[in-house]
Structures are given as structure tokens and as C-alpha cells.
Amino acid sequence: MKNILNQLEQERRKVDFDTFDISVKELVSMVEQGIIDIAPEYQRQFRWPVRNQSRFIESVYLGIPVPSLFMAANKDGSWELIDGVQRLSTLIHYAGSSEQRAKLSMSTSLRLDHLEVLSDFNASTFDDVPSTLRLKFILRPLKVTTLSDKSDLKVRFDLFERLNTGGVKLTDQEIRACVYRGRFNEFLSDLAQNEDFSACINLTEAKEHDGTKEEFVLRFFAYLYSRDIFEHSVVGFLNDYMAKATSEFNYRRNRELFERTFSLLRRAIPEGIRRGNRRTTPANLFEAVSVGAALAVQNGSDLQNSGILQWINDDDLTRLTSEASNNRQRVLARIQYCYDKFVR
187 MKNILNQLEQ
197 ERRKVDFDTF
207 DISVKELVSM
217 VEQGIIDIAP
227 EYQRQFRWPV
237 RNQSRFIESV
247 YLGIPVPSLF
257 MAANKDGSWE
267 LIDGVQRLST
277 LIHYAGSSEQ
287 RAKLSMSTSL
297 RLDHLEVLSD
307 FNASTFDDVP
317 STLRLKFILR
327 PLKVTTLSDK
337 SDLKVRFDLF
347 ERLNTGGVKL
357 TDQEIRACVY
367 RGRFNEFLSD
377 LAQNEDFSAC
387 INLTEAKEHD
397 GTKEEFVLRF
407 FAYLYSRDIF
417 EHSVVGFLND
427 YMAKATSEFN
437 YRRNRELFER
447 TFSLLRRAIP
457 EGIRRGNRRT
467 TPANLFEAVS
477 VGAALAVQNG
487 SDLQNSGILQ
497 WINDDDLTRL
507 TSEASNNRQR
517 VLARIQYCYD
527 KFVR
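Counting from 187, one number per residue, gives the positions in the sequence shown under the working numbering.
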């Protein structure tokens, strides 16, 4: 019991919050000034239909309590939006300037519809209502909770994940893109567009745009360089590697290796990394083949005479890349298996 209490107290100390009441006007202005950052990963998640947006605006007019907006404070004093993209984007859609709306790809201001309580507001925009009501609306305070900049990035990732409860849930990689910003994150996004790499992985249409491609690039480098310390949690492993690579990474050398590896893989397996008749690329198989190939390329192999089209479906590799195979022993074994095949 003492250990449980100590662990709880230790983890609680890592999380520090502040709570504010901020008016609609201030919130919209803070976005315009860049004080509140709606990251691109969040902007593309704005999916509320007009009915939902209108009902939220109605709630603000009526003074009905709405869920808090959740932010994370940065060292420079700015805030990142964690939870509330639908609500904050709706406020901008309704009461923001044309320039603000344009930044969020909104061509026109929100025209209210489907309202039952304030039915006379239907078909109106913000500019259509009387000035006294506009003033009341923009002065209406909303609750904002901020995670202080004292918390480390791992805590921030965990909170992004726990509080990511909006209309469209972000993937782990989209959350990483919000948390671990900087050159390495941009590097992942750049390599994810590489034509040879894209030809080597087969994804569903939905996963083409949800951060999966960027996560596959991250997996490539994480397992290439840190596989010896992998335990069993893929999410934690990738978080740790991204945190490390954000501060220390050889971009020129690794770009060359990445491009060389996937150029050769594309020639060796024109239909991409897949097993049997499956159309999509399993993550475990991708890690084994791509990292094994990279190690072989570093050893001078051109991958072309390895017979990969035959052994990629071997029972041994299938066993090593099957479900419940995420432990260090299996990870090392499947990468070694592919490396040996590539260099034989």
C-alpha cells in the first residue's frame, strides 16, 4: 500500500495546472495573435457539422456551462490547444475575422441553423444579430485549463492522449506531431512523402492522412537505432525515440540511408511490403523488412538477389511478425532474419 501511495504522489507532482475564465473575444484574439496555437494536426480535424456548431453557439449565448478548453503552456508563454478544437474553431467560424477563418480553411462565417431554443437566430450570422447581443456573446467567459510548462514532454503526450476526446480522435503520431515539434518532426513529414517509401507501404485511404506514414518513418529509425532497448510498449518506445531524436540526429546521413533503402526495396518488391494476399502492410513486417534492408544496405547489399518475394511469406518470418510478437527477443529475431536473407 505504501508503494501505491508513493507512486501516486510522485506522478501527481509531474502534473501542474492553472485555470482561467477567458472571454470569447480574448480567446479569438489570442488565436489571431498566435498566443494560442491550433496546430495543423488539429486544424484538419475540424469536422463538426453546422448543427453541432450552431448548438454550441446557442449554448454560449444562453450561458449554459460548456466543457473547458484544455491547453498546454510552452516556455515562450504561448499555449497549445490539446482538447477543444471543435469548440474553439466554431468560435472563430462564427465570430472571427475573415483572415482568421481563412487560416482554418473557412470561406464564410457560420450561419446558424437547426436551433430549437433560440429559433429566431436560425439563418443568421454573427453580423446579423443586434450589437448588444454580439457584445454579450464576445464577453461571455469560457473555462480554460492549462498544463504548465513545468511538465515534461512524456507527461504532455499522456495528457494529449487522455484528453483527446473531440469529434475526431487523433492518432498517436498526430499527438506526437503536436508534442515533439521541431526539425525532426518536419523531417518525418518530409520523408513520408518520398515516392519510393510510399510505394513500399500499402495503407488504407484513411491511414494515408492520419499520421500513419509518418509513424512508419519513425518506426524505421527507432528500430534501426534503438531496437536493443525495446521492451514491449510500442507507443512508449516511439515516444522515447522521438524525444531523443528531436535533440540529436544526423539528418544528412539518415536521409541518404532512408532514400537508398527504399529505392532498392521498391525495385525488389514492386507491390510493396505485404504478406500473401493481404493488401495492407503490417507494422511488424514493415519494421523487420525495412530495418533488415537498411542494415544490409549499410553492409553493401543491393537487395536485388535476396529472393524476398518468396521468403517474405515464410512460416518462420510469419511467426516472428505475428500477433503478440512485440517483445525484444522477437523484434531482434525478425530484423536479424530479414538481414540474413538480404545479405546471403
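Where is the CB? At the ideal position from N, CA and C, for every residue including glycine.
Range covered by the alpha helix (DSSP H) that runs through methionine 292: It is not in any alpha helix (DSSP H) - methionine 292 carries neither H nor E in the DSSP assignment.
Local Cβ density within 10 Å of lysine 403, reported as buried at 16 or more and exposed below that: Reading off the sequence shown, one finds valine at residue 403, where the question assumed lysine. With 16 or more Cβ atoms within 10 Å of its Cβ, valine 403 is classed as buried.
CA-to-CA distance, isoleucine 498 to glutamine 490, given in whole angstroms: Here the alpha carbons of isoleucine 498 and glutamine 490 stand approximately 14 angstroms from one another.
Answer with buried or exposed for glutamate 244, where buried requires no fewer than 16 other C-beta atoms within 10 angstroms of its C-beta. By the C-beta density criterion, glutamate 244 is buried, having at least 16 other C-beta atoms within 10 angstroms.
Taking valine 365 as part of the alpha helix (DSSP H), name the residues at either end of that continuous run. Here the alpha helix (DSSP H) through valine 365 covers 358-365.
Spatial neighbours of isoleucine 221 within its chain, please: C-beta separation below 6 angstroms, excluding the five flanking residues on both sides. Only Ser264 meet the Cβ criterion.
Sequence-distant residues of the same chain with beta carbon closer than 6 angstroms to arginine 326, five excluded per side: Result list for arginine 326: Val210, Val246, in chain order.
Please classify aspartate 448: does DSSP put it in a helix, a strand, or coil? According to the sequence provided, residue 448 is phenylalanine. The question's aspartate does not apply to it. Correct three-state label for phenylalanine 448: helix.
Note down, in chain order, each residue of its chain lying with its Cβ closer than 6 angstroms to the Cβ of phenylalanine 448, except the 5 sequence neighbours on either side. So the list reads Asp382, Phe383, Cys386, once near-sequence residues are dropped.
Taking 7 angstroms as the threshold (C-beta atoms), are threonine 432 and glycine 368 in contact? Against a cut-off of 7 angstroms, the Cβ pair of threonine 432 and glycine 368 comes out as a contact.
Let me know the secondary structure DSSP gives isoleucine 268 once reduced to three states. Reduced to three states, the DSSP call for isoleucine 268 is strand.
With distances taken between CB atoms, is the gap from phenylalanine 242 to threonine 294 smaller than 7 angstroms? Cβ atoms of phenylalanine 242 and threonine 294: not closer than 7 angstroms.
Using C-beta distances below 6 angstroms, list every residue in its chain close to arginine 464, excluding the 5 sequence neighbours before and after it, in chain order. Cβ neighbours of arginine 464 beyond the five flanking positions: none.
Could you check if aspartate 358 is buried or exposed, using at least 16 other CB atoms within 10 Å of its CB as the buried criterion? With 16 or more other Cβ atoms within 10 Å, it is buried.
Name the DSSP beta bridge partners of aspartate 207, please? Aspartate 207 pairs with Lys329.
Measure the C-alpha to C-alpha separation of serine 334 and leucine 255 and round it to an integer number of angstroms. So the alpha carbons of these two residues sit roughly 14 angstroms apart.
Determine, using beta carbons only, whether glutamine 286 and isoleucine 278 come nearer to each other than 7 angstroms. Contact: yes.
Got a sec, what are the start and stop residues for the alpha helix (DSSP H) leucine 389 sits in? Looking at the DSSP string, leucine 389 is not in any alpha helix (DSSP H), and its letter there is neither H nor E.
Identify which residue in Ser240, Ser291, Asp207, Ala480 has its Cα closest to the Cα of arginine 405. That would be Ala480, whose Cα lies nearest to the Cα of arginine 405.
For histidine 300 and serine 240, what's the separation of their Cα atoms in angstroms? Cα to Cα, histidine 300 sits roughly 7 angstroms from serine 240.
Exposed unless 16 or more other CB atoms sit within 10 angstroms - verdict on glycine 478: Answer is buried; the Cβ neighbour count reaches 16.
Assuming leucine 374 and isoleucine 208 form a contact by the criterion Cβ under 8 angstroms, report the distance between their Cβ atoms to the nearest whole angstrom. About 34 angstroms; that fails the 8 angstroms criterion.
Compute the Euclidean distance between the alpha carbons of leucine 471 and arginine 461, then round it to the nearest angstrom. In a straight line, the C-alpha of leucine 471 is about 8 angstroms away from that of arginine 461.
Where does the unbroken beta strand (DSSP E) through alanine 408 begin, and where does it stop? Run containing alanine 408: none in the beta strand (DSSP E); it sits in the alpha helix (DSSP H), 398-412.
Which listed residue (Lys261, Ser412, Val365) has its alpha carbon closest to that of isoleucine 224: Ranking Lys261, Ser412, Val365 by Cα distance to isoleucine 224 puts Val365 first.
Would leucine 267 and methionine 257 be called neighbours here (beta carbons separated by less than 7 angstroms)? Taking a C-beta distance under 7 angstroms as the contact criterion, leucine 267 and methionine 257 qualify as a contact pair.
Let me know the secondary structure DSSP gives phenylalanine 256 once reduced to three states. Assigned with DSSP and collapsed to three states, phenylalanine 256 falls in strand.
Where does leucine 506 land, buried or exposed, given buried means 16+ other C-beta within 10 angstroms? When all chains shown are included, leucine 506 counts as buried.
For a test of the three-state rule: what should DSSP assign to isoleucine 498, helix, strand or coil? Secondary structure of isoleucine 498 (DSSP, three-state): coil.
Among Asp396, Asp488, Leu389, Tyr427, nearest to phenylalanine 407 - alpha-carbon criterion: When each option's Cα is compared against that of phenylalanine 407, the closest is Tyr427.
Three-state secondary structure (DSSP) at isoleucine 521? Correct three-state label for isoleucine 521: helix.
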